[in-house]
Amino acid sequence: MSAPCSAAPRPSRRRPLLATFSAARAVILVALVLTLVAVPGAQAKSLTGDRVLAVLESVSDKAKYSQLFKSLADRGFQITFKDPSTSPALFEFGIRTHDHALLLAPTKPLKGDLSPQSLVSFMRAGGNLLVALSAGTTDSHKDFVYELGIDVADSTSNVRDLFQADPSDPTLLAANGFTGEEALVPASMSQAGAAPVVYKGIAHAIVPEAKHNIVFPILSASPTVTGAKTSEGAANKLQLVSGVQGTNGARAVVVGSVDMLTDEFFAKQVKINKPLPPHLSTSTSYPTSANKAFATELLKWALHEKSVVRIPRFSHHKLGETQQLDMYRIKDTLVVNVTLQEYHDDHWQPYLVPASSSSPIYFSAKMLDPYIRQPMSLVFTTATTATYSLSTTLPDTYGVFTLAIDHVRVGLSPVHHDELVSIRPFRHNEYPRWLPVAMPYYVASVSQMFASVVLVGLWITRKHVPAAASGADKKADDKVVDEPKPVVADGKVAAASASAPVADRGDGDASPVVGAGGKAQRRKRKN
Numbered sequence: 001m002s003a004p005c006s007a008a009p010r011p012s013r014r015r016p017l018l019a020t021f022s023a024a025r026a027v028i029l030v031a032l033v034l035t036l037v038a039v040p041g042a043q044a045k046s047l048t049g050d051r052v053l054a055v056l057e058s059v060s061d062k063a064k065y066s067q068l069f070k071s072l073a074d075r076g077f078q079i080t081f082k083d084p085s086t087s088p089a090l091f092e093f094g095i096r097t098h099d100h101a102l103l104l105a106p107t108k109p110l111k112g113d114l115s116p117q118s119l120v121s122f123m124r125a126g127g128n129l130l131v132a133l134s135a136g137t138t139d140s141h142k143d144f145v146y147e148l149g150i151d152v153a154d155s156t157s158n159v160r161d162l163f164q165a166d167p168s169d170p171t172l173l174a175a176n177g178f179t180g181e182e183a184l185v186p187a188s189m190s191q192a193g194a195a196p197v198v199y200k201g202i203a204h205a206i207v208p209e210a211k212h213n214i215v216f217p218i219l220s221a222s223p224t225v226t227g228a229k230t231s232e233g234a235a236n237k238l239q240l241v242s243g244v245q246g247t248n249g250a251r252a253v254v255v256g257s258v259d260m261l262t263d264e265f266f267a268k269q270v271k272i273n274k275p276l277p278p279h280l281s282t283s284t285s286y287p288t289s290a291n292k293a294f295a296t297e298l299l300k301w302a303l304h305e306k307s308v309v310r311i312p313r314f315s316h317h318k319l320g321e322t323q324q325l326d327m328y329r330i331k332d333t334l335v336v337n338v339t340l341q342e343y344h345d346d347h348w349q350p351y352l353v354p355a356s357s358s359s360p361i362y363f364s365a366k367m368l369d370p371y372i373r374q375p376m377s378l379v380f381t382t383a384t385t386a387t388y389s390l391s392t393t394l395p396d397t398y399g400v401f402t403l404a405i406d407h408v409r410v411g412l413s414p415v416h417h418d419e420l421v422s423i424r425p426f427r428h429n430e431y432p433r434w435l436p437v438a439m440p441y442y443v444a445s446v447s448q449m450f451a452s453v454v455l456v457g458l459w460i461t462r463k464h465v466p467a468a469a470s471g472a473d474k475k476a477d478d479k480v481v482d483e484p485k486p487v488v489a490d491g492k493v494a495a496a497s498a499s500a501p502v503a504d505r506g507d508g509d510a511s512p513v514v515g516a517g518g519k520a521q522r523r524k525r526k527n
């Protein structure tokens with residue numbers, strides 16, 4: 001029988017499909033690589049996000065702020081322009097639709113999703129704000145900034161200054177009262193001879209109840225500024241620009257002059273003529289104002305592009321060991337290390353506490369109340385980190401403690417980190433055997449035991465010597481007889497004669513001596 005013929009192989013239909021899949025995978029891979037390469041250049045430098053909502057009086061007004069928005073776009077932000085009449089939404093299904101909001105429409109009321117309540121919720125959700133005011137600011141704007149701790153009572157007219165202003169217009173102030181915090185404004189802007197900021201707008205005050213590390217001044221008004229009025233109880237110091245930072249890190253900047261952010265004021269020439277007597281009058285001029293540089297620094301701070309501090313590493317261990325434990329013993333020596341970084345201009349750098357700062361980095365051990373609160377010291381730095389350390393003795397109290405790192409400084413994001421650890425008492429075999437303070441008690445116990453041993457030894461080893469009886473005692477014993485009993489004769493009781501002699505036995509006990517009459521009585525009874 002012949003072998004069966006083998007069938008000719010049919011051409012495979014799966015090869016073109018596999019080739020198609022391979023080509024598709026290659027295209028997807030190339031797209032992903034191009035995306036990863038392109039995204040870093042397009043990403044914003046903000047740690048919060050790149051979505052910016054700009055609310056203008058009219059959408060066409062964005063040309064007035066072209067340099068401001070161009071600076072934001074160059075740094076990677078995606079800007080959406082809206083006017084208040086369109087009711088721009090800040091939330092959708094409870095999630096933020098924008099990361100930052102610039103409110104540049106001070107004469108339009110805040111309503112809808114831009115109401116004061118919605119703006120407060122936006123900040124609580126981590127959003128950042130810049131609020132610009134001017135003469136004629138609406139009550140809704142004033143209500144919102146008052147929620148932040150800023151009082152704007154009079155917004156009908158611009159403030160004036162006859163000593164630090166343009167000679168042709170006293171409402172064009174030359175402001176240079178910058179705060180001394182470099183986290184907000186660079187030191188170069190506060191140096192002598194630096195160009196001032198041209199300002200035309202209203203002033204405000206920080207309410208006394210506001211905490212200094214939450215609401216703080218950025219640009220203060222000169223003492224010669226007039227035309228501002230605040231409500232009763234507000235601080236007397238007038239502010240032109242103030243900053244607000246919540247405990248969650250959200251930031252807001254309140255600017256009393258919306259014109260300060262326009263292209264016109266960016267390029268405005270500054271001329272200051274002080275109205276003094278003719279022989280003392282002075283005139284100072286600058287080719288351009290510091291508005292552009294100041295606005296850039298304001299937005300960098302408000303949008304989380306700088307002055308953000310974080311803790312990448314926190315550790316603790318016993319002295320002489322390296323392992324971090326969840327439980328320590330009372331009075332253990334604990335070594336605490338914390339690493340800090342500061343975000344500035346698109347990179348992380350070591351965070352160094354200025355020597356002039358009154359707010360060091362604190363370590364605390366708390367159980368309801370702080371038992372330990374001590375400042376930490378810088379031990380070493382690298383290109384991107386700074387490490388602070390502390391060696392301390394744990395409290396003589398056992399329980400569940402919170403080991404916390406706290407650092408609050410004006411202009412910086414709040415630094416807080418905590419961990420729970422247990423602190424146990426000594427075990428039965430860990431207590432010290434001898435306490436120096438108890439030495440008197442040790443001596444008293446040993447001396448008492450020694451005295452007891454000596455006393456018992458003397459008692460046991462003593463010899464017993466019986467006492468010898470004297471001759472007088474023997475004669476007294478012979479004379480002692482039994483006490484006579486009453487005798488009954490003929491129904492009458494005969495008592496012993498009261499005159500019977502009594503014999504003394506020598507021990508103080510006297511008994512009657514029975515004489516001849518007693519013997520007769522006994523013989524008669526026997527018969």
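If you read the sequence shown in UniProt numbering, its first letter stands for residue 1, the second for the next number, and so on. We put the beta carbon where it would ideally sit given N, CA and C, even for glycine.
Original post:
Taking the C-alpha atoms as reference points, what is the distance between Leu-184 and Gln-245?
Top reply: 12 angstroms
Original post:
Between Val-335 and the rest of its own chain, which residues show a CB-CB distance below 8 angstroms, the 5 nearest in sequence each way excluded?
Top reply: His-316, His-317, Lys-318, Leu-319, Ser-389, Leu-390 and Ser-391
Original post:
Skipping 5 residues on each side, what residues in its chain have a beta carbon closer than 6 angstroms to that of Val-39?
Top reply: Note that Val-39 scores 40 on pLDDT, short of 50, meaning its location in the model is unreliable; the coordinates nonetheless yield the value given after this. Excluding sequence neighbours, Val-39 sits near nothing in its chain.
Original post:
Which ranges does the alpha helix (DSSP H) cover as unbroken runs of at least 4 residues, wholly within the UniProt domain "OST48 middle" (316-462), from first to last along the chain?
Top reply: 439-461
**OP:** State whether the region 120-135 contacts the region 239-255, with contact taken as three or more CB pairs (one from each stretch) at a distance under 8 angstroms.
**Re:** yes
Subject >> Nearest-angstrom Cβ-Cβ length linking Val-159 and Ala-221, presumed shorter than 8 angstroms >> reply: 7 angstroms
Original post:
Can you name the start and end residues of the alpha helix (DSSP H) that Pro-116 belongs to?
Top reply: 116-124
Original post:
What is the C-beta distance between Tyr-351 and Ala-404, in whole angstroms, given that I count them as a contact (C-beta under 8 angstroms)?
Top reply: No, Tyr-351 and Ala-404 are not in contact; Cβ-Cβ is about 18 angstroms, not under 8 angstroms.
Original post:
With distances taken from CA atoms, which of Leu-103, Lys-271 and Ala-175 is nearest Ser-168?
Top reply: Lys-271
Original post:
What is the residue span of the alpha helix (DSSP H) that Lys-70 lies within?
Top reply: 66-74
Subject >> DSSP state of Lys-211 mapped onto helix, strand, coil >> reply: coil
Original post:
So, using beta-carbon positions, are His-407 and Tyr-441 closer together than 8 angstroms?
Top reply: no
Original post:
What whole-angstrom Cβ distance do Ala-252 and Leu-420 have, given they're in contact under 8 angstroms?
Top reply: About 33 angstroms separates the two Cβ atoms, so there is no contact after all.
Subject >> Pairwise C-alpha distance: Asp-143 and Lys-62 >> reply: 26 angstroms
Original post:
By the 10 Å Cβ neighbour count, where 16 or more other Cβ atoms means buried, how is Gly-399 classified, buried or exposed?
Top reply: exposed
Original post:
Taking contact to mean at least 3 C-beta pairs separated by less than 8 angstroms, is the region 338-346 in contact with the region 299-311?
Top reply: yes
Original post:
Under 8 angstroms, do Val-197 and Ser-71 count as touching if we go by C-beta distance?
Top reply: no
Original post:
Phe-265 lies in the alpha helix (DSSP H); which residues open and close that run?
Top reply: 263-266
Original post:
Where does Gly-112 fall in DSSP's three states?
Top reply: helix
**OP:** Could you tell me the distance, in whole angstroms, from the CA atom of Ala-498 to the CA atom of Pro-466?
**Re:** Residue placement at Ala-498 is poorly supported in this model, since its pLDDT is 45, which falls under 50; the coordinates still yield a value, given next. So the alpha carbons of these two residues sit roughly 40 angstroms apart.
Original post:
Measuring CA to CA, which of Asp-332, Ala-365, Gln-448 and Gln-164 is closest to Pro-425?
Top reply: Asp-332
Subject >> Pro-186 versus Glu-342 - alpha carbon distance >> reply: 15 angstroms
**OP:** To the nearest angstrom, report how far apart Asp-263 and Gln-323 are at their CA atoms.
**Re:** 59 angstroms
Subject >> His-417 versus Thr-402, Tyr-431, Gly-411 and Arg-427, residue with shortest Cα-Cα distance >> reply: Thr-402
Subject >> 6 angstroms CB neighbourhood of Thr-138 in its chain, flanking five on each side removed >> reply: Pro-109
Subject >> Beta-carbon separation (whole angstroms), Ser-377 vs Pro-370, contact threshold 8 angstroms >> reply: So it is not a contact: roughly 19 angstroms between Cβ atoms.
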